Amino acid sequence: MTEKSVESGRQAKEKLDRAGGALKKATSTVEQKKRAIDAAIKKSEEPFKLIEAKQQRAKSSMEAAKKKADAANKMLDIKKLAHDESRKRTDKSMGEAKAMAQKAKKSVEDRQRDFNSAEGFVRSLIEKMGQKAKS
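Okay, so the sequence shown: first residue is 3 according to our numbering, each after it adds one.
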């Protein structure tokens, strides 16, 4: 009986070893499948991460472009204000120059009238003197 029990124990041990091996093999297969699934998940996430990175770069580029556009608009506003101010000053200067030219023209016309009337007076005086000299 001891031999039978030893044999029975040996067989039980072999069965246990085979079961342990099968368990290790099954566990190993499950571990491999789990690693494969994790790798597949990681691989499937890569395009989304790339897209996300591209979206972030695009967003940054758009923000930079918006800032440049805002700066350009501010410069345009400043240039427009400067142009408007320059135009006002030019219009004012031109108005003043026109007024001065009209004033000078009037002054010349007044002097011409004074000269013409003095000329008429001098002629009439010369005529009177000529008539007195004849008489």
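Don't be surprised by glycine CBs; every beta carbon is placed ideally from N, CA and C. Predicted model only: the values in this text are computed from it and were never measured.
Between the alpha carbons of residue 94 and residue 126 lies a gap of roughly 48 angstroms. Within the segment 22-97, no run of beta strand (DSSP E) reaches 3 residues while sitting entirely inside it. Assignment of residue 119 by DSSP, reduced to helix, strand and coil, places it in the helix class.
For residue 137, the secondary structure class from DSSP, reduced to helix, strand or coil, is coil.
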